[in-house]
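Down below is the structure, laid out as structure tokens.
Residue numbers (this note's numbering), protein chains in the order written: chain A, 1 to 107; chain B, 1 to 190; chain C, 1 to 1002.
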């Protein structure tokens, strides 16, 4: 039963207020993309032991989608941030580095 | 519009420390847009007499209230018979500004939960901190209530106003009444 | 034999006698008794039969660790099996039944199992009942289940109510012993919001029984003074009868409060499940005494030494007249003293240690009790009752022991901190060589959202032994936890003395070199009948991992979760492997700490409010008409409206024919309605729908399809363009919330720069479909809007009034008939519905349900999401190519539909199916093809997706997906019924009725 803070309304959400949305920062590939790119977009998902970026919707709340950087092993939350970004913002990366110096951005 | 009815026909329940009843018809308008825009604050003030709420705030003024629902959404509460006029005013004042204003009066039901145990009734159903320190008057809290989404706030008079979707009005009334049909937990102050 | 003493019992009120029954026999007890103390007071030494061997078993403990004394409580709708007598408070009229014995506790037929126990070692069932395989399910399993069953399941629905309660605190403190009280006091003084919960009805834990003194006062005095201080603190809440059931991620914890179990006459919920979010958790859960493993340690009358002391001091109950104490530590000497103080005999204290000249031993000897050092119990004499013990040397093989007559044995193998809650969420443990127990490793606690620890233990739970250490540890833990929760303060622990104790010596079997015959009578897990020899056998057979050995032997798998057995079992396993205990490790501690009721988990979600039921504005009317309901998502929709004595099939047929021939009325309010508005609304809908929506003219409607990015059809519906910037999208009844969320997802997370706002207005509108050749006449009769073909053509919409009610009317048809869908604000929908019914009387207006709706759409070959689609079907499979824009560069699902499998000509495609004999094809039936697949099954070439009896055509009609279907018109293929019979059906067009669409466009 996680607690994630919604970056839009500031509520520390009980997990039951949220709906999960899978991995964050996927790049959409549409018509014209290669089979490999499209397959990656549709099916290839990270499943790390450690730092992970994921999508959550504050479904029983303000309704906004947000992103979370979280450790899948310890469940430590490094930060949550708004969904209107294609990559983790610098402060989130810094927060992760502070706690997991060995971690490298990118898959 | 005179023969419009609420979902529950003013249904009521009295528990040991809490009364639950359906509120009369209320005009409700969902407004979406860039809340920081100056046009917005002006249009909302003109329509309701209320200032723009801060995040998670509900502002009361006269016979209207304006609640912050999300960074780009407000809930306007107005007298039921003025709903269409308020929507029209908003549309006029916001002409040329990207927005959405839609009457949702009939899409929702409003319950009043009153009595010393009101906070504890909702604390039986919602994963939200209902202590006065965490939820004071003026905050609009959206959360889960049992198995549905709901929104509520502490009224200036001390009761709790609870808003849910119309189709689950009866479910909401029933779960809230069920929670109210018990002695106080005596964990939260009345 | 156990008896009630003439005096004593700090928890009972001898002026308040109570009556209760055990196996229908009446007994007396006192207020304050537990069921266990009351049974002992009445000499009821045998309370159960064991799970596997059906050995007679008595009460062994005084708390939640009790393995044996499980009973069925209550009757009828309030019957509950497997309730612990030791944690059941006595009340007047309590009715308990023994379990696992037939025909009676005293004479149990299945007790023959114990004579064959040597033939039923660990893994017996696995080894014996493997072959022949079909026998497992039909012969072996039912017999074994019958034989091994403990409590019987209740037969009636639970009559009680339950509730949840969400609490947010700075500190949750679990355990109301002196450690918990001191922690609450300390934390409370920092201003932190504190919740202190205690599983029993009493505060103070064991300290008063153990004779502790705090601040120069008797423990009982200190406890009541501290409680008074705590009760006056507004920031501290106290809850007794509330067990810490589990600790979960990010400071979430469950408290299980038993509100009326002890007072069934009190109204209100029976249990309250506290769903607690705590910034910090302190577990002051104490310790549990370990049994010793000697032959016959399960004979009724053998008890934990601490339990013997509890019964004497707390309840004025003597487990026996002559009690032998056997121990490896000093604490059991307190039991000897308590027994002597109560005027009972202690013939001998058997101490496995070679030396003990500590003050407790000296005091016991001073009272004239013989202390045998370096000694052991070789075996217990007696079967249904202890008759004596055979004494032997602790380091020997047993041999011939000397008999000591007694009727009760108090044993102590040392104390294990209750680390369960600390471990639930990942806290790690350390092994103490001094005390031979696991205790929490404060450097590896469970981690919270911030990556820092959020649980710490206090007192004996942390491994602090002795009153002074406990109070000091609790003070420090509370200060640290409060500080971590943002509240700082200072406190000095109360003054107390730790009695000087001689160090304990681990003793895992008794005597050390016991022969196999003795080891096969040493029980580790009393509830599951696991013996020392079983664990040794498991290790021999290669089940060396502790988790494997547990499952192979069932050690610790009973509903006491191994509270008494785990450490002793681990030690045996470690010894068998020649390793040290910490290398073997423990099994996983899982919540709940003790079983909690299903009712408390369900909370309010029972009966009528089991789940949300969504009602349309016309719901009550449908109900009064006797509608037969069909669940559609959480909605209830009328399936049909059967008249008195009418079958559902007949009602459906009547509704279809009435609609086709004259006039039908449908409550379509459940249809999803989503407003999409903004300069980019057209562009957005072009991405969401497979067809072009941006070209739709205001005032017009268009049917559209939505696909997932996988290309699969996910929803469909009619889109109406309201004005240049505004569209209203209709979704399926079950799809409104999902599609609304889908739209928000794309707008928030992918195209956040597009100027589009959406709002789900599904419930703002009641929607009424007026359908049939007389539909226009009815609306004209109501008056208002011009609904002529010229003013409102097919696939158009207008806004206005009907019978004075503001409406929006869509000329769309899902039945193939002349049809108007009228949207009316929900608050006026019932009023309009009534007006339509009254005005429609002359046309024989007939409300119809979902089944008539389905049949009429199937007669027209319209697909239904969820029937023709199942998450693997693309629009192209359904002949819906016409609804897929060729002009658009992109839409959601387009790229996927270009993948090779999606363009494969061998995909099954939609056709109509007509049985040759006119019968109705079974739903989901497969069409069989030539040959067999690799599994020896017939190859399939198609399947039925929708199938009905068509009242219009008077025969069975169906739709299905068939290999090369559209190219095989007229061909007859065979479908298999469940019973294996085959049924022939001809492939036809899926449009069975009015193929040219003349009726809907009039």
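The beta carbon of each residue, even a glycine, is placed where N, CA and C say it ideally should be.
Chain A within 8 Å of residue i, Cβ atoms only
| i | result |
| --- | --- |
| residue 172 (chain B) | no |
| residue 271 (chain C) | no |
| residue 248 (chain C) | yes |
| residue 531 (chain C) | no |
| residue 1005 (chain C) | In the structure as shown, chain C starts at 1 and stops at 1002, and residue 1005 (chain C) therefore has no counterpart that could be examined. |
| residue 169 (chain B) | no |
Below-8 Å beta-carbon distance, residue i vs any chain C residue
| i | result |
| --- | --- |
| residue 183 (chain B) | yes |
| residue 165 (chain B) | yes |
| residue 100 (chain B) | yes |
| residue 127 (chain B) | yes |
| residue 53 (chain A) | no |
Inter-residue spacing [alpha-carbon to alpha-carbon] between residue i and residue j
| i | j | result |
| --- | --- | --- |
| residue 797 (chain C) | residue 777 (chain C) | 17 Å |
| residue 207 (chain C) | residue 581 (chain C) | 30 Å |
| residue 1 (chain B) | residue 101 (chain B) | Any reading at residue 1 (chain B) must be qualified, since the residue scores a pLDDT of 45, below 50, and its modelled position is unreliable; the value itself is stated next. Approximately 20 Å, taken between the alpha carbons. |
| residue 80 (chain A) | residue 449 (chain C) | 12 Å |
| residue 1031 (chain C) | residue 170 (chain B) | Examination of residue 1031 (chain C) is not possible in this model, given that chain C is present from 1 through 1002 alone. |
| residue 854 (chain C) | residue 9 (chain B) | 33 Å |
| residue 671 (chain C) | residue 594 (chain C) | 47 Å |
| residue 847 (chain C) | residue 668 (chain C) | 11 Å |
| residue 87 (chain C) | residue 423 (chain C) | 23 Å |
| residue 562 (chain C) | residue 439 (chain C) | 16 Å |
| residue 625 (chain C) | residue 641 (chain C) | 7 Å |
| residue 926 (chain C) | residue 932 (chain C) | 14 Å |
| residue 252 (chain C) | residue 729 (chain C) | 41 Å |
| residue 108 (chain A) | residue 139 (chain B) | Coverage of chain A is limited to positions 1 through 107, which leaves residue 108 (chain A) absent and any answer about it impossible. |
| residue 867 (chain C) | residue 938 (chain C) | 24 Å |
Identified DSSP bridge partners for residue i
| i | result |
| --- | --- |
| residue 767 (chain C) | C:823 |
| residue 810 (chain C) | C:797, C:821 |
| residue 112 (chain B) | B:21, B:161 |
| residue 381 (chain C) | C:388 |
| residue 455 (chain C) | C:281 |
| residue 543 (chain C) | According to DSSP, residue 543 (chain C) bridges with nothing at all. |
| residue 667 (chain C) | C:768 |
For residue i, the first and last residue of its enclosing alpha helix (DSSP H)
| i | result |
| --- | --- |
| residue 226 (chain C) | 219-231 |
| residue 718 (chain C) | Careful: residue 718 (chain C) lies outside any alpha helix (DSSP H), inside the beta strand (DSSP E) at 713-723. |
| residue 333 (chain C) | 331-341 |
| residue 58 (chain B) | Unbroken run through residue 58 (chain B) is the beta strand (DSSP E), 58-61; no alpha helix (DSSP H). |
| residue 187 (chain B) | Taken as a continuous stretch (DSSP letters only), residue 187 (chain B) belongs to no alpha helix (DSSP H), as it is neither H nor E. |
Extent of the continuous beta strand (DSSP E) to which residue i belongs
| i | result |
| --- | --- |
| residue 728 (chain C) | 726-731 |
| residue 29 (chain C) | 25-31 |
| residue 13 (chain A) | 12-14 |
| residue 20 (chain A) | 19-23 |
Proximity test, Cβ basis, 8 Å: residue i and chain B
| i | result |
| --- | --- |
| residue 21 (chain A) | no |
| residue 14 (chain A) | yes |
| residue 8 (chain A) | yes |
Per the contact definition of three or more C-beta pairs closer than 8 Å, is the region 260-280 of chain C in contact with the region 607-624 of chain C? no
At least three beta-carbon pairs within less than 8 Å, the region 413-420 of chain C to the region 459-468 of chain C: yes
Three or more C-beta pairs under 8 Å: does that hold for the region 92-102 of chain A against the region 80-89 of chain B? no
Kindly confirm or deny that the region 960-975 of chain C and the region 985-992 of chain C touch, where touching means at least three C-beta pairs closer than 8 Å. yes
Any 3 or more C-beta pairs closer than 8 Å across the region 824-832 of chain C and the region 801-808 of chain C: yes
I want to know whether the region 192-207 of chain C touches the region 232-244 of chain C - three or more CB-CB distances under 8 Å. yes
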